[in-house]
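Below is one structure, written out as structure tokens; the observations come after it.
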């Protein structure tokens, strides 16, 4: 079902930031490079845009091939779901894990930066983000290089092609695809790592 | 009505002083670079959002700090937002107050927080007035048929 496009469709960036000023800024910066931009104000909305079907249980991704996202750029500190949690969800999802993710943060905290990079983020930009940062995005874009029909999970509502294991799709008909449950334990880890705990003094940080 | 070159010189001098006195930093220049014929009001739009956000945050801060039992995490959360938005538009002095404010929040120092809130209000009003004056100057230049000098 993969659509190989050799046309000049602009690369599509999904920008996620709860600050309206920063959303406006990042959108303008991205459009300077002629990217097509969708800007949302939360991690949940980002996941929904990426195809999340079951919001409450974070299950069942069904990406819309017409809205293919080639890169996600997200703020780290957001209420509800942090950028790190969003990064995790994307990297844990079979259908989304190949989408490059870039994190932005106003706080220069080396431990945070490393954690994001270890979790699979391509880059970490310190805010305020500049044109020179956005210029660095070019090599990270994915475009129609998703897995082939043999390997990819079912991305349409037609579940008949779902494989007989945990490759996605609702195999047993219980309404979920058995892969993406968000456990309480994960939530606890994330709360410990959330933006407003463990505040660091600016002086403690690498200059 | 002053001549265009005079107005432009005034504009350059005023802008330079804002940078020299630390009201604005390079991020403001970055914003101006993003303004062009297809986005002619970009800076004004962003600054307008900043004004709206700031006034809301200052109100929220006043409320949070006046609670019988102050929730410092909540206060810090507002200041963090304020720090973010001020740094995104280059309002350097406002950002600097936010940094100190966050330190007082971490220490749960009520006095320090109260002082910082006053300072924050003060610096915000200053930068708001200065930016409004800058936009008025720009309008004068445009109405006189001139163009806004690009600051490097």
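Protein chains in written order, with my numbering: chain A, 8 to 214; chain B, -15 to 136.
Cβ coordinates follow ideal geometry from the N, Cα and C atoms, glycine included.
All values reported here derive from a predicted model rather than from experimental measurement.
Distance, residue j Cα to residue i Cα
i, j, result
"residue 35 of chain A", "residue 18 of chain B", "7 Å"
"residue 117 of chain B", "residue -12 of chain B", "17 Å"
"residue 106 of chain A", "residue 47 of chain A", "17 Å"
"residue 95 of chain B", "residue 77 of chain B", "20 Å"
"residue 104 of chain B", "residue 48 of chain B", "15 Å"
"residue 109 of chain B", "residue 100 of chain A", "47 Å"
"residue 127 of chain A", "residue 26 of chain B", "34 Å"
"residue 91 of chain A", "residue 85 of chain B", "26 Å"
"residue 29 of chain A", "residue -7 of chain B", "32 Å"
"residue 33 of chain B", "residue 26 of chain A", "10 Å"
"residue 13 of chain B", "residue 74 of chain A", "34 Å"
"residue 50 of chain A", "residue -14 of chain B", "52 Å"
"residue 82 of chain B", "residue 64 of chain B", "7 Å"
"residue 106 of chain B", "residue 137 of chain A", "28 Å"
"residue 95 of chain A", "residue 77 of chain A", "17 Å"
"residue 16 of chain A", "residue 42 of chain A", "9 Å"
"residue 20 of chain A", "residue 59 of chain A", "17 Å"
"residue 97 of chain A", "residue 129 of chain B", "52 Å"
"residue 101 of chain B", "residue 88 of chain A", "28 Å"
"residue 130 of chain A", "residue 52 of chain B", "43 Å"
"residue 113 of chain A", "residue 113 of chain B", "26 Å"
"residue 35 of chain B", "residue 15 of chain B", "16 Å"
"residue 5 of chain B", "residue 111 of chain B", "11 Å"
Beta-carbon proximity of residue i to residue j, cut-off 7 Å
i, j, result
"residue 74 of chain B", "residue 2 of chain B", "no"
"residue 144 of chain A", "residue 72 of chain B", "no"
"residue 70 of chain B", "residue 79 of chain B", "yes"
"residue 144 of chain B", "residue 55 of chain B", "Within the shown structure, residues of chain B are numbered from -15 to 136, placing residue 144 of chain B beyond reach of any answer."
"residue 111 of chain A", "residue 82 of chain A", "yes"
"residue 125 of chain B", "residue 41 of chain B", "no"
"residue 148 of chain A", "residue 18 of chain A", "yes"
"residue 30 of chain B", "residue 115 of chain B", "no"
"residue 44 of chain B", "residue 62 of chain B", "yes"
"residue 80 of chain A", "residue 44 of chain A", "no"
"residue 57 of chain A", "residue 103 of chain A", "yes"
"residue -1 of chain B", "residue 134 of chain B", "no"
"residue 121 of chain B", "residue -5 of chain B", "yes"
"residue 93 of chain A", "residue 118 of chain A", "no"
"residue 11 of chain B", "residue 135 of chain A", "yes"
Chain-ordered neighbours of residue i on chain B, where CB pairs are closer than 9 Å
i, result
"residue 29 of chain A", "68, 69 and 72"
Collapsed DSSP secondary structure at residue i in the structure displayed
i, result
"residue 46 of chain A", "strand"
"residue 109 of chain B", "helix"
"residue 81 of chain B", "helix"
"residue 98 of chain A", "helix"
"residue 13 of chain B", "helix"
"residue 142 of chain A", "helix"
"residue 29 of chain A", "helix"
"residue 65 of chain B", "helix"
"residue 22 of chain A", "strand"
"residue 132 of chain A", "strand"
"residue 82 of chain A", "strand"
"residue 109 of chain A", "strand"
"residue 59 of chain A", "strand"
"residue 16 of chain A", "coil"
"residue -12 of chain B", "helix"
Within chain A, partners of residue i - CB distance below 9 Å
i, result
"residue 37 of chain B", "26, 27 and 28"
"residue 30 of chain B", "28, 31, 32 and 35"
"residue 23 of chain B", "35 and 38"
"residue 51 of chain B", "What residue 51 of chain B touches in chain A: nothing, since even the nearest Cβ is about 17 Å away."
Neighbouring residues, chain B, relative to residue i (Cβ below 7 Å)
i, result
"residue 137 of chain A", "14"
"residue 113 of chain A", "67, 68 and 71"
Neighbour list for residue i in chain A, Cβ cutoff strictly below 7 Å
i, result
"residue 62 of chain B", "The contacting residues do not exist; residue 62 of chain B stays about 11 Å from chain A at best."
"residue 26 of chain B", "35"
"residue 33 of chain B", "27, 28 and 31"
"residue 11 of chain B", "135"
C-beta neighbour in chain E for residue i, strict 7 Å
i, result
"residue 41 of chain B", "Absence of chain E from the displayed structure is noted, the protein chains being A and B."
Interface residues of chain B facing residue i [CB-CB closer than 8 Å]
i, result
"residue 39 of chain A", "18"
"residue 143 of chain A", "Correct list: empty, because the minimum Cβ distance to chain B is about 16 Å."
"residue 134 of chain A", "68, 71 and 72"
| field | Uninterrupted alpha helix (DSSP H) stretches inside the stretch 15 to 42 of chain B (no shorter than 4 residues) | value | Listed in chain order, nothing qualifies, since the stretch 15 to 42 of chain B has no complete alpha helix (DSSP H) run of 4 or more residues.
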